[in-house]
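Numbering (our numbering), first residue to last: 1 to 104.
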């Protein structure tokens, strides 16, 4: 959404159950099943990817200024959940190695 708000909906009752300001346009979204988190691919001003703890929608980490100079249009997770793939409007595709929380 262009308003920069990440929203989780209860589709049965047609209401928002949680929301968070992302401070930029949300261009892509990915569920991270291993950690029960959401990842957003975003546009200006940072063209970054952010990870949100679910269900509180607290921004736990971000990949900022690392790889993309255009808005992040697509993010995907490998079947074994060890790698992320991202593609941005700048034409750059990135492959990211995932690690467990606390690892470097």
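Heads up, the beta-carbon is just placed ideally off N, CA and C, and yes, glycines get one too. Small disclaimer: the values here were computed from a predicted structure and weren't measured.
Selection from the options that minimises the alpha carbon distance to residue i
i, options, result
"residue 34", "20, 42, 18 and 51", "51"
"residue 31", "94, 42, 95 and 77", "77"
"residue 37", "54, 10 and 27", "54"
"residue 88", "98, 95, 74 and 96", "74"
"residue 29", "97, 98, 95 and 86", "86"
Nearest-angstrom Cα separation, counted from residue j out to residue i
i, j, result
"residue 84", "residue 57", "20 angstroms"
"residue 80", "residue 71", "26 angstroms"
"residue 16", "residue 62", "24 angstroms"
Secondary structure of residue i, DSSP reduced to three states
i, result
"residue 71", "coil"
"residue 57", "coil"
"residue 98", "coil"
"residue 2", "coil"
"residue 86", "strand"
Cβ-based burial, residue i [other Cβ within 10 Å; buried from 16]
i, result
"residue 47", "buried"
"residue 43", "buried"
"residue 19", "exposed"
"residue 91", "exposed"
"residue 68", "buried"
"residue 104", "Low confidence applies here, because residue 104 scores a pLDDT of 43, under 50, leaving its location unreliable and the question unanswered by this model."
is_contact[residue i, chain D] using C-beta, thresh 8 angstroms
i, result
"residue 21", "Judged by its chain identifiers, the structure shown contains no chain D, having just a single protein chain."
Whole beta strand (DSSP E) runs in the stretch 16–51 with 3 or more residues, listed along the chain?
-> 26–32 and 37–42
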